[in-house]
Structures are given as structure tokens and as C-alpha cells.
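Trainee: Below you will find the structure I want to go over with you.
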Amino acid sequence: MSKYLLILFGLLFFCAWAANAQNRQITGTVVSGEDDFPLPGVNIRIDGTVRGTITDIDGSFTIQAAPTETLLFSYIGFMSQEALVGDRTTFDITLQVDARSLGEVIVVGYGSITKGDLTGNVASLKGGDIQNVPVPTFQEALQGRMAGVFVESSSGKVGEGVKIRVRGATSISGGNEPLYVIDGIPMTSDGTIGYSNPLSDINFADIESFEVLKDASAAAIYGARASNGVVLITTKSGTAGKTKFNVGIQRGVSSPTRKNEFLNAGQYVELMRESGYNVDLSAGIDPINNPADYEESQLEFVENRLTRHAGHSNWREGETDTDWQDQAFNPGAGVLNVNFSASGGDEKTRFYFSSALDQQDGIMIRNKFQRISGRLNLDHKVSDNFTIGANFSLSRTTTTKLADDNQFNNPIQLVALAPITPIRDLDGNLYDRPTTTYYNNLIDSENAEWLTTNFRNITSIFGEYKFNNDLRFRSDFAVDVLNQNDDRYFGSRTNSGLAVSGFGSSRWLRTFNYNTNNYFTYTKNFALRHNFEAVAGMAFQRSDTDYTRVDGQEFPLDDLRKLQAAANIVLGESTLNNFSFLSYFSRINYKLDDKYLMTLSGRYDASSRFGPNKRYGFFPAASVGWLVSEEEFLKGNNTLSLLKVRGSYGSTGNAEIGNYAHYGLYGSASYNLQPGLQPTQIANPNLTWERTNQLNLGIEFGLFDDKITGEIDVYDKITNDLLLEVPIPSTSGFITQFQNIGRMQNTGFELVLNSTNYVSQDFSWRTSLNFARNVNRVRALGPNQTSIPPSNSRFLNGVFIGESIGAFYGQKYAGVDPANGDALYYLDETLTETTNDFDEAQRMIVGDPNPAFIAGINNIITYKNIDASFLFQGVFGNDIYQGGGGFYSANGDWFDNSTADQFNRWRNPGDITNIPQARLNSCNGCNASSRYISDGSYVRLKTLSIGYNLPNSWLEKMKLSSARIYFMGQNLLTFTNYTGWDPEVNADYLADNVFQGNDFYSAPQAKTFSLGINAGF
Amino acid sequence: MKKHITLLGLIVGIFFFYSCEDQLELLPPQSVDQTIALSSDANIKRVLIGAYAKLRTVELYGGWIQLYGEMLGSNNEIRWEGTYNQPREVYNKAIFTNNSFITDTWISAYNAINIANNILSVIDVVDEEDRDRVRGEALFIRGALYFELVKFYGLPYSAGSTTENLGVPLVLTPTTTISEEDFVVRNTVAEVYQQILADLTLAESLLPPTNGVFAKNHVASAMLSRVYLQMERFGDARDAANRAIISATEAGKSLVTSGFMNAFNNDADTSEDLFSIQVNTQDGTNDMHLFYSTPDEGARGGDITILQNHIALYEAEDQRLTQFSIRAEDLRTDKWRQQFKNVKVVRLAEMYLTRAEANFREGTSTGATPLEDINRIRARVDLPAKTTLSLQEILLERKLELAHEGHIIHDVKRTRGTIRDNINAEIIYSHDDPRMVFPIPQREMDVNENLIQNPGYAG
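Encoded structure:
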């Protein structure tokens, strides 16, 4: 077939060629001087004539010209170049960037475009900018670097989830994470075992660029899955020429960013005795002044408990003062990275090869992450018209995992243990209950193991056929195979294994996700004024996840940890989950006179996730742009060197509701080992996508010859038909029903500023700043529904019309009654009266976990061979709720150790304080209320790097092409008023759309100092 | 070569264009459509197992229903020392409306009731020979759960004004869609009791005397006797208990006489168990164990201790004292010592005690004299036979026999007794104290504005 096409096109060309017999055919490519990326759409004109052409999508062109003629290459954002034809027939032209911000090549869905031609909003980051940042996943490295992209690690546990919100949350019950597309395949980014993060399988040293598609114009080509933004990841490819080798090694030490302060043994004893004694006094007995009252008194109870918790030591003498918090942290925490890459090739074949070892010894005990990865990216020109290629990556990630924040064997829960308790008994064995107040999870360190291993293979192959200079077809097929094994063993001394002679669990998961994209690209220039590019094609994706789990107990020895040794298999299950998407997409870019821009795009999507009545959806978007500075009246103006305005409007969808949500279902249940069925879900055959309509208006500008460039965007994003789990009366037998109902709005403002403050031969200083404000508001819920109040009595997040998603709702704490030490709450929203009756106090909005704005500022300074950069990142205006407060800041309510501030509790009538009187087991203020909310704003020195490039004279002696020694620090300084551990927190076991901004014994973030060296040859 | 590749690419492309459509119809591998579940005799019987699987959850008879009875009825005889605030609030009679245990029990009960309603709605599909049994089991489950709900979430029957005091909403039809009708109101205590009597009476008549570990006619009779006791209809209670004893005895049930503690911590039903929740390592959970036992037995830290005030109630030679032992440095009851053991719901001993009390109150001796029944219980635990009886003695015998099994609060409420506060001896809760009634869960109040909250709880 291709042969016939060739003949057909060949004939067409022959006709054109015959008319200019004296000319010869010139071919060539045009690439960007900045990054060697091919430049599509470059104007090539023959000087003094109206003849011309433009480059196609991979920068190549063909034109007829006589030897005496001169070719003029021009392109927005680049300096023009001319070249005399002479006797040459091929020209490989490198255009140098003029206005930096315009010439940058941006990857968009199913193609790429230069910044100047872009009419949508895309945040772009080069992989090189986050090179050597010592974190396990690329998501964390993006933090603070892209406007409107909010990144938050749930805690300092390595390999766990990272929350990303692009321009706010669009959904209440559906997903809010962006779609991740790596080299064209929507990758598996969730659904793995526990709280593991499938994105940590990616070695981000292999990544050439990240693009985040934020507005409807950019994202609509990803249709039903684009409402939360799309993160496009492009991996590196080789360039023709000498093979370049790079090796690097980096080593660092880590420690927690912050710790919390707890009572010492003496303070603890004083608090607990007082707490029991206060309850006695209120019951009318006085065991201190009236020894007859001592028996059966609360004070006696407390002192007996103290004796129990003191183990072999004497609490009255203060013999033991254990800092349990210290025990939770790993003194040997640190990072190690070793990487190697080679890239190169010739005119026909290019390759990029890499392998790396990344290791993070977490700051918490028993928590270690290791990734070994390899990649080979290859492309080959079979002929001038036909290119094939493959990207192959393989990684193994192992994580020694920790229990979720809510478990007794989460290391930080050690802080609940009494400081009077010695760690070990006189025989050297770790104390456990009843000597310790709770399970001493240090036993896990000696008697348990938990290892998760991922094998990940993401491989794509593609073929691209160029029918002629205007039309090409590309087909790719990719698989993302994720194999995960999670093996746990809790020995006979651990909490889970104690009563059952050891508990073991083995879980296996395999996600096979494949995707194919097939599309045509057509580029054409008409009359040198009209640049036209069209993309049209289809995609199909299917993902199947198989999962198997076996649990067993009764092990003969703690040394035999595989389930083969378990005498009693107590659980075995396997499940399958799958989904599919069939999509057709198209985009048309049109540019008139190099200054008027227009883009139309759309996607027609169908998914297995939706009911048969509403399976297909169409998501269109349109945008326009005007390069004002290309107009005559501004051209050449150095003060306002760039001015572009653009606007877009369109719609995208959200399909992340899990699978099979539209069915009315019965699931399995068993009783007495007999199989049964139970209703699990009410049907909704009309269930369909959430639809987000977004308006985006933007200005791009350059001042003083582009010394300062910037972008300002405003957007209004309205999500209709929310996929909402509407709460229903549980008297119906169901708690919620999935409906398309309700509306949410995100409006915001983004600013990006890049400034070249100073440049000279030896010294340069550049600053880039990003700032984003997003206002999230729930606008409508179900019929007659004004709220989804908190569904968890220990936490406050709810959904309320007119408020941000997850707003804190509960009783408002009014401090302490100076007369009697009672915890007080405001009676109602007028905040005029207080009550000590928690149930009587009205609930109200008491805080907001969503930041008011986020910002990042990066400075890059070079001086001769030295370079330095420091990135400050900040999150402002959010509140954090400390769920653990009811245990450790509860004025001696129980025998948990308390934070040091509890020492300022109310003691005598007239005391003015915020900490109520200590009353054992009486919950004087321990309930979930605004008492445990504090401001979570912070500013952080996120990344600091200082590097020294060895001078050329040394390099030559060492036969190196480059060598850099550097210091890289992460999270070095944190400025915050937060009273808990670290303000970047989102308790893992709760984290979802609504439950956010909660700290529940969550690990603080890691602070890392590292040194490294990179060498190229 | 390249020609072939291109050709292959095109073929693959065309293949995908035309064959992907079929791939959009993916059926859930772990569930079936609701119409299938209720479509046949065999499937409906599976749904009935599903109803038991709900009944056995910890929120219901898997432990919390029993635990609430003990926490409310603590009377300074046991102490809650655990960290869970939910049982503690019940223990302190200072319950917050968002108490998650109380919320979950409400949700699970109505979930199980909905399953029962589903079964009852398609009962004609069940094969005729099994139809009565299946119907009887579904009615038993519904009746028993409404009884538990009304006891906890409404003022006791003994508080009077039963046609005014609010019980719980009665939902008697399956939910297929959500409409206005699902925003129900609370029925009165009298209406709820009426429904319970109707369900259990019918269940009793439909159920067979033997039915494995599932509901049988004497289980329904036993539950009915509890209902009548609450209503102080002692004659009816006596007759129901008597029927339970007769039917159970005919089915081979008898008191465990090999030692009192052999009646507890069982893998399978003992001869004394009329109804219990089956627990093994693979399904079912015993949360009475979780809270009453100790870490060495796989429980929490030992959340409940037994106080001397309780021990003092026993006669010195009472074999039932052997249930108490020091574990995790405090006094515990061993009734719930071991993990993965059945959770008792109805023991035969209770029926003798109920018959004795009801006969005594009515001055009758249906089945046996009160003295015979009481001495039967006493003889089993090495206590000397009594020759005379008072109501107080009968109630004390009942209290000690059934101690720590979740009965105490309901007996205190129906006999208009009191509960002493654990901390402040001067605080006495009367049988109809609103603090001994659960709030309607905040979650439910938030969703359904037709509900009225219980007295003593805001909003």
C-alpha cells in the first residue's frame, strides 16, 4: 500500500519539479539551538521571491532553489538566518533563540509546539532543572517549580503517596490527581497495594521534560480524563554525534525537618497524678489530705498505673526518662544515587541508554526505599520517510514499608508511650504491654519485616511514516506492566503476631495496561501567511489489575517467614479490576501572519466505567492568541519586547470513579464458612463523566529586551455533574449513591516571572518566580443538600456549599473557663456565648485545609565555574488539624505522653490559659474541635545547590568533557507557626479529596544534605 | 521489509478502529447485578447467608451490641480503660452524637434489615419446601435488629408514654431507588414493639426446630421472651421462654454441666447455645474478645477490668468466680478470653432465668417452678439449692449468670433499676435517664431532616 502512495505522491512532486527544472531540490532540518529539538513551522523563504515553505513536525523541509539563491529561515522567538544555496543540497540549520520564552519547544498532546505559538496554558520544566534533587519520586521534585501545580507529600515516609492538584480540586468523590502520560501512554498511577506510589518506579534522571497541561485548550485532547490537568513526561533521546557518557554519584544524610516536644518523666508524673486527683476532688474525695480516701481513688489508680508503666524502675525517684520520639527516627537516614548514561548515534540511529541506583534510607526506622532502573530509548530512520523507535524501561523498586499512620506500629506512635517506661527490661528485652501504655513497636524492628517489591516495565514502540512534507502518520503501542509483591511477616512478639504465633501476609498485584495511539499530522503553509497544522487520530487503552492475597498465622518459628510455614491459612482472595477507554481526538492549529493564533481541539471518549446510557462524551476546546509585539507598532520596541495575549475556553472530563460504579451490585460475603451475597451498590445507569468548563485568559510579556519575561493567567473552572457519592439516609440500607450532581468552581490567578538580573562574562544571576492563587468553592450538591458533614468523629473535614472542599467543620473551641478549668466551646456562630457541653455547642466552619496561595522562587547564580541555586517554596493560608491532639494534647486525659504545651494547663481558679484542667478519663476538651487546628502556612528552603565545574584545563588532563562537584540540600529550612511535626502533611490512611490537612502521628519530612559528582566523557 | 511493517501497522490500526467497541462492556468480576442475586431459589438463599454475614459484623452481634449493654450498665463494677473514645463515651454516659460506633451500629442494622426486606420481597421465588424457613429467618433477623435498635436508640418501654416516645424508623420494604419515601420519620416505641412482635411471632411459627447454626423456632421464642420482658408482659414472656426451652430441649439442647467455663470460648455451639455468632479464623470477628481480653490473646491492651464491687456480689463457692483471673496486671473475665471464638447471643440458661422470673411474678409454675429453674442454674455452678426465693434473688442470679454478656442494662431498664456512676458515687442514673439512651447518629440527622433527636442531645 505504501508503495502506491509513494508513487502517487511521487507523481505529484514530479509535476512540481518539472516546472522548475533549473532548480534543484534542497532538503534539510531546522533545530533549536537551545535544546536541539526540531522546530516545526519554521518559515523558509527564497530571498527576493514569494517562493517558500515551512518545516514539518520534525523540523525537516524540502524546497526547490537555484544555486544563486539565498534561503531565509525565520521563526518567532529565534534569530533569523540566511544561507546561500551554492552547490549544497542539504542544510541542517540551527536557529538560535532570540526571545527565550518564545522559542522553547513545548510538548503537547500528540505533538509539540513552540512557546510562541502556544495559545493554551502549559507549565513546562526541563528534567535538567531537577537533576540530583534527592527525593524518590519526580512529583516531589516538581514542588514549588510550576505555577498552579500544588504538590504535597503525605509524610516523610519514603515511597508513599504524593498529592498533586493542578488548579485546585474539581471533584468531591471522583479522582483529583492529574493524568500522567509518559511517552504517550497514560501510565498506571494508582491502584497499587497499600499506600505505595506507582510513580516512584520512574527514574527521573531519564526525563527530558515535564509539561503540565492546565487549561482546557491544552488538556481537552485528553478529553474525559483531563479535568485535573495532564502531566506529560518525555524521556530523553539520543542525539547524533559522538557518544556521550555521563556518570554521577551522590551521597547524603537525612534527618527530620522538625520534631515535636514532649513531657519528660517528671512532668509526666506530675500531670498524670494531678489528672487523677482532680477527678477525685470533683467526686468529693481527697486522697492526698485524707488517706482514708486513697483506696479505690483515681489517684491510687494513677499511681498503680505509673508503677506498672515504670517497669523495673521507680517513677517516684525519676529513674527513667525515655525520649520515645527519638526512638522513632533512624539515625542512619540518608540518600545514595549512582547513575550512568550514554547517548549518541548517527544520522540514522540514535540512542539513549541509562541505568541508575537510587536509595533512600528513610528518616523513620524500618523505612527504606531502593530503585534500580535501566532504560534504552532508540530510534531509527529506516528511510527518509519512515522512522521506527522503541523506548524500553525496566525498574525494580523495593521498599521496606511502615504501617499507616493510624497503627500502633507506625513508629511515631511511640510518642504515646510514657517517658517513665524504660525501653528494655533488665534482661535486655524490649518492654511491651502491660508495662508500656501501648504496643512498643520497636519490637517490629526486631521481630517483623515488611517488604514491597515492584517490577515495572514501560515499553513503547512506534512507527512514523511521512507521506510527504505535509502529511505523516504515527502509530504507537505501549505497555505498562506493573508487578508488585508485598510480603509481611509479624513475628510472635509483635502486636499482630503475639496471640497467633506469628502472622504473615503475601499480596501480589499485576497491572497490565496497554495503549495505542494512531494519528495523522498534517502541516501546511498557504501563501506564506497561513500556517496550518492538524492532528487527528484515535487511541485505545485497557488496563487489567489482578490481585491475590494470602494471610496465614501459627508459624513454628519466627525464622520461617514464608506462608508455606503457616499452620493456619486465614485469608485467601483474588480479584480482578479492569477498565477501557476508546477515544478519537483532533486538534487544529492555525497561525496567520505569524501573529494571529488559533487552536481548536477535541476528543470523543467512551469508557467501560460509565453506564450504557451515557457512555460517550465529547470534549471540545478553542483558543486564540495574538502576538501583539509582532505588530508594526511594537516590533523592535525594546522596552516592551514581547506581548502576547491569549484566551481559551473548553471542556474536559473526569472519569476517575473507580470501575463498575454504574451497576446495581451484590457482592460476596461469607458466614460460618458458607458463601453469601450482599447488596453493595445502588444502580445508576445514567452515571457519566464530570464535565469541567474552563475559561483561561493570559498575557505573556517581555520587558527590556526580554530581561524580564512573564505570564499572567486568570481562569475560571466550573465542574458540573459532579460524580458525587451523595449521602442518603442509611435507613435505606445504603449510605451513599453515586450520582452526577452538584457543581464545584475553581477560580484563580497565576503569575510566572523570569528575570535575568545580571549577566556578564563571569557572573550571572537569574530569578524565576511563580505564584498561584486558587479559590475552590463547592457550588451545589444534591437536591436539598447543603452539606456533607464530617464522616469521621475524630476529624473535621466536610463539604459545604460556598466553602472549599474539605473545610473543617466542628465545634469552635473557646478556651478555658478561668473559674473551673472547663474546656469551653462557642454556643453558636455569633461567638457571644460559651458552653462546657460539647454536644450543645453548634458546629460551624472552623478552618480550611486548602491553601490560599502557593509560590516558589528560584535563584540561579553563576560565577565563573561556580553555580548556585536556591528554591524557596511556600504554601499559605491553609489550616492543619492535629488528629492526634485528642491523645497527646488532651491535658492528661489518659496515659499517653503529652506535648510539652500541656504543662501550661489550668491549675488554679483565675488561671488564664488555653489548656483545660487535667481530668483523667473525662475528656475535658479532648473532642475533635477547633482546639486542634493550627495555621499550616510555611515557607521552605526547598532546594539549595552549589556546584563547581572543573576548569577545562583539568578536564583535558583527565580526558573528561565535563565534571561537576556539588552540594545539594533539600528542605534545609522551614519557617512555620505550625505546632505539630511538619506542616507538609496529609495523614495517609485518611487522605482523599475531602480528608486533607490532617496530621495523625504522621512522619515529618526529610531534610537532606548531600554531596555529589557528575562527570561526562 | 519496511513495506511490511507499514502494512502491519495499518492492519493493526484498522483492527483497533473496529474491535475496540466490544471492549467497553466490562462486567465486574467480584460482583453480580442485583437482578441476578434475587432471581432464583439458590441465589436468594445466598442472600440470606449474606444477611447473617451482616448480622455477625462487630457493629451488631459480633460484639458491639453486647459491649454497649455492659458499658451503659457498668455500675462501678467494671472499668473501661481503653483508648477508644467511643465505648468510653457510652461508659461515661456522655455520648457525643458523632460517636462512630453508635453510627456504625445504626448503619449496619438498617443494612441487614434491607437485606431481610429484599428476601421477603421475593420470597415467592424460593422453593416451597424451604420458603417458610427462609422467610422465618429473614423475619427473625429483622425483628431482632429492630429490637436491639429500639432498646438503644429510644427511651425504654418501661419509661411509659410508648405511643409518644420515639423509637426508630420502621422500614419494611427493600430499597431499589432513592426517593422522598426514604427520608423516613421515627416511629413510636409502641409501633416498633408492635412490629417486632409481629416479625418474631411469625418467625417462630415458620422456623424449624433444627437449622444448623442459623435461626430456629426456639431462637425466635427466646428473642420474643426478651421482648415481652421489656414490655413487662410477664405471662407472655414466661410462655415464650417455656416454648424456647421445650423446643430446644427436644432439639437436644441442655445446660453445659462439665464446668461453667466450658460454656465459653467455643469454636462450635455448645449444647447450651441457642444462638451464637460463628467465628473462626477466616470469617467473623469477636469484638467482645477484642475489648475484654489481653494482648497475649490477640486483643487490645486489656480495655476492661473487673472491679471488686462486682466480685463481691458472688457467693464464695460460686463456680462462676473461676471466670475471673489476673491478666495484663488486672482482673479480667475469661468469658471472652480467646480469639476466634463464637460470640454468645442466646444461651439456654437465660431462658430458665426468664421463666423463673416470669413465673414468680405471675405466681405460676409453667414448665417448672421458679425454685426449680433457679436451682437448676445454681446447681450447675456448685451453689446450694435455695428453698425460698425473692424477686431480688432471681434478678441477682440472672445478673451473675449472664454477667458480661451484654444483658445488664436491659434488665436494669425494664426493672426500673439504677446505674451508679463509676467515678462519682453520688451520681445515679435512673432507668429512663436520657443519658442512657443513644443519640440518633449525627450523620443520620444531617442527611434526613425528618428525624427528631433524642432528649438531652442537641440538634
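Heads up: the protein sequence lines correspond to chains A and B, in order.
Everything in the first sequence is counted per numbering that gives the first Met the number 0, starting at 0 for the first residue and increasing by one.
Everything in the second sequence is counted per numbering that gives the first Met the number 0, starting at 0 for the first residue and increasing by one.
Even glycine gets a Cβ: it sits at the ideal position worked out from N, Cα and C.
Using the beta-carbon count (16 or more within 10 Å), is Arg572(A) buried or exposed?
Mentor: Start at 1 with the first residue of the first sequence, and residue 572(A) comes out as number 573. The displayed chain sequence assigns Glu, not Arg, to residue 572(A). Classification for Glu572(A): exposed.
Trainee: Restricting to runs no shorter than 4 residues, where is the alpha helix (DSSP H) found entirely within the segment 626 to 673 of chain A?
Mentor: Listed in chain order, nothing qualifies, since the segment 626 to 673 of chain A has no complete alpha helix (DSSP H) run of 4 or more residues.
Trainee: Rounded to the nearest angstrom, what separates Pro684(A) and Phe737(A) at their Cα positions?
Mentor: The residue labelled residue 684(A) in the question sits at position 685 within the first sequence. The residue labelled residue 737(A) in the question sits at position 738 within the first sequence. So the alpha carbons of these two residues sit roughly 10 angstroms apart.
Trainee: Contact criterion: CB-CB distance below 8 angstroms. Does Phe145(B) meet it with respect to chain A?
Mentor: Within the second sequence, numbered from 1, the residue matching residue 145(B) stands at position 146. Checking the sequence, you will find Tyr at residue 145(B) rather than Phe. Not one chain A Cβ lies under 8 angstroms of Tyr145(B).
Trainee: Cβ atoms of Asn890(A) and Gln901(A): under 8 angstroms apart, would you say?
Mentor: As a first step, residue 901(A) must be located in the first sequence, where it is residue number 902. As a first step, residue 890(A) must be located in the first sequence, where it is residue number 891. Going by C-beta atoms, Gln901(A) is nearer than 8 angstroms to Asn890(A).
Trainee: Determine whether the Cβ of Glu356(B) lies closer than 8 angstroms to any Cβ atom of chain A.
Mentor: If you number the second sequence from 1, residue 356(B) lands on position 357. Closer than 8 angstroms: no.
Trainee: When you compare each of Ala108(B), Thr280(B), Pro168(B) and Lys334(B) to Tyr670(A) by their alpha carbons, which one comes out closest?
Mentor: Your numbering for residue 670(A) matches position 671 in the first sequence. Closest option to Tyr670(A), Cα to Cα, is Thr280(B).
Trainee: Let me check understanding here. Comparing Cα to Cα, which of Ala219(B), Thr176(B), Val183(B) and Val212(B) lies closest to Ala197(B)?
Mentor: Within the second sequence, numbered from 1, the residue matching residue 197(B) stands at position 198. For Ala197(B), the nearest C-alpha among the options comes from Ala219(B).
Trainee: I want to see whether chain B comes within less than 8 angstroms of Ile932(A), judged by CB atoms only; does it?
Mentor: The residue labelled residue 932(A) in the question sits at position 933 within the first sequence. Closer than 8 angstroms: no.
Trainee: Could you check the C-alpha separation between Ser803(A) and Gln406(A) for me, to the nearest Å?
Mentor: Your numbering for residue 803(A) matches position 804 in the first sequence. Your numbering for residue 406(A) matches position 407 in the first sequence. Distance between the alpha carbons of Ser803(A) and Gln406(A) is about 29 angstroms.
Trainee: Any beta carbon of chain C sitting closer than 8 angstroms to that of Val549(A)?
Mentor: Among the protein chains in the structure shown, which are A and B, there is no chain C.
Trainee: Taking the continuous beta strand (DSSP E) assigned at Tyr179(A), which residues delimit it?
Mentor: For this step, residue 179(A) is matched to residue 180 along the first sequence. That run of the beta strand (DSSP E) goes Leu178 to Ile181.
Trainee: If I follow the unbroken alpha helix (DSSP H) through Asn241(B), where does it start and stop?
Mentor: Here the question's residue 241(B) lines up with position 242 in the second sequence. It spans Phe233 to Glu249 - the alpha helix (DSSP H) in which Asn241(B) sits, taken as one unbroken run.
Trainee: Would you kindly check if the distance between the Cβ of Ile112(A) and the Cβ of Phe72(A) is under 8 angstroms?
Mentor: Residue mapping note: residue 72(A) aligns to position 73 of the first sequence, counting from 1. Residue mapping note: residue 112(A) aligns to position 113 of the first sequence, counting from 1. Contact flag unset, no.
Trainee: Assuming Gln326(A) is part of the alpha helix (DSSP H), what are its boundary residues?
Mentor: Taking the first sequence and counting its residues from 1, the one referred to as residue 326(A) is at position 327. Trp323 to Ala327 is the span of the alpha helix (DSSP H), which, as asked, contains Gln326(A).
Trainee: Our contact map puts Thr136(A) next to Asn196(A) with C-beta atoms below 8 angstroms; I'd like the distance itself, whole angstroms only.
Mentor: Position 137 of the first sequence, counted from the first residue, corresponds to residue 136(A). Position 197 of the first sequence, counted from the first residue, corresponds to residue 196(A). At roughly 6 angstroms, the Cβ-Cβ gap stays under 8 angstroms, so Thr136(A) and Asn196(A) are in contact.
Trainee: What does Arg541(A) reach in chain B if we use C-beta pairs closer than 7 angstroms?
Mentor: On the first sequence, residue 541(A) is found 542 positions in, with the first residue counted as 1. By Cβ distance, chain B contributes Gln22.
Trainee: Only counting the same chain, and skipping five residues up and downstream in sequence, which positions put a Cβ closer than 7 angstroms to that of Gly814(A)?
Mentor: On the first sequence, position 815 is the one that residue 814(A) refers to. So the list reads Leu823 and Asn913, once near-sequence residues are dropped.
Trainee: Cβ of Arg442(B) less than 8 angstroms from any chain A Cβ?
Mentor: For the purposes of this step, residue 442(B) is taken as the residue at position 443 of the second sequence. Yes, its Cβ sits closer than 8 angstroms to a Cβ of chain A.
Trainee: Smallest Cα separation from Ser254(A): which of Gly333(A), Ala204(A), Trp323(A) and Phe209(A)?
Mentor: In the first sequence, residue 254(A) corresponds to position 255, counting from 1. Ranking Gly333(A), Ala204(A), Trp323(A) and Phe209(A) by Cα distance to Ser254(A) puts Gly333(A) first.
Trainee: Please confirm if the segment 169 to 176 of chain A is in contact with the segment 718 to 726 of chain A, defined as three or more CB-CB distances below 8 angstroms between the two stretches.
Mentor: Short answer: they touch.
Trainee: Closest by CA to Lys483(B), which one among Glu203(B), Leu347(B) and Val89(B)?
Mentor: Residue 483(B) lies beyond the stretch modelled for chain B, which goes from 0 to 458, so this question has no answer here.
Trainee: Would you please verify whether the beta carbon of Leu412(A) is less than 8 angstroms from any beta carbon of chain B?
Mentor: Within the first sequence, numbered from 1, the residue matching residue 412(A) stands at position 413. As written in the sequence, residue 412(A) is Gln, which differs from the Leu given in the question. No, no contact with chain B.
Trainee: How would you list, in chain order, the residues of chain B whose beta-carbon sits under 7 angstroms from the beta-carbon of Gln563(A)?
Mentor: Within the first sequence, numbered from 1, the residue matching residue 563(A) stands at position 564. Correct list: empty, because the minimum Cβ distance to chain B is about 18 angstroms.
Trainee: Quick one: complete beta strand (DSSP E) runs, 3+ long, within the segment 585 to 617 of chain A?
Mentor: The qualifying runs are 595 to 606.
Trainee: The alpha helix (DSSP H) that contains Asp103(B), what's its start and end?
Mentor: Within the second sequence, the letter at position 104 stands for residue 103(B). Element bounds for Asp103(B): Ser99 to Ser120.
Trainee: Quick check on Ala20(A) - is its C-beta less than 8 angstroms from some C-beta in chain B?
Mentor: Position 21 of the first sequence holds residue 20(A). Below a pLDDT of 50, predicted positions are generally treated as unreliable, and Ala20(A), at 41, falls in that range; no measurement from the model is reported.
Trainee: Which word fits Thr1026(A), buried or exposed, when buried means at least 16 other C-beta atoms lie within 10 angstroms of its C-beta?
Mentor: Missing from the structure shown is residue 1026(A); chain A here goes from 0 to 1016 and no further.
Trainee: Is any beta-carbon of chain A found at less than 8 angstroms from that of Ala424(B)?
Mentor: Position 425 of the second sequence, counting from 1, holds the residue named residue 424(B). So, interface residue.
Trainee: From the DSSP secondary-structure annotation, give me the bridge partner or partners of Ile276(B).
Mentor: In the second sequence, the residue the question calls residue 276(B) occupies position 277. Looking at the DSSP assignment, Ile276(B) forms a beta bridge with Val342(B).
Trainee: So, with DSSP's three-state summary, where would you put Ile177(B)?
Mentor: Sequence index remark: in the second sequence, residue 177(B) carries index 178 (1-based). Coil, per DSSP.
Trainee: Residues of chain B with CB closer than 7 angstroms to the CB of Gln736(A), please, in chain order.
Mentor: Taking the first sequence and counting its residues from 1, one reaches residue 736(A) at position 737. Under the 7 angstroms cutoff, chain B gives Ile177.
Trainee: Are there 16 or more other CB atoms within 10 angstroms of the CB of Asp403(A), so buried, or fewer, so exposed?
Mentor: The residue you call residue 403(A) lines up with position 404 of the first sequence. The residue in question, Asp403(A), is buried, as its Cβ has 16 or more Cβ neighbours within 10 Å.
Trainee: Is there a Cβ of chain B sitting closer than 8 angstroms to that of Leu581(A), yes or no?
Mentor: Along the first sequence, one-based indexing puts residue 581(A) at 582. Interface residue, yes.
Trainee: Name the chain A residues whose beta carbon is nearer than 8 angstroms to that of Phe95(B)?
Mentor: Indexing the second sequence from 1 puts residue 95(B) at position 96. In chain order: Ser792, Phe837, Asp838 and Asn926.
Trainee: What separation, rounded to the nearest whole angstrom, lies between the Cα atoms of Val157(A) and Ala36(B)?
Mentor: Sequence index remark: in the first sequence, residue 157(A) carries index 158 (1-based). Sequence index remark: in the second sequence, residue 36(B) carries index 37 (1-based). Computed Cα separation, rounded: 44 angstroms.
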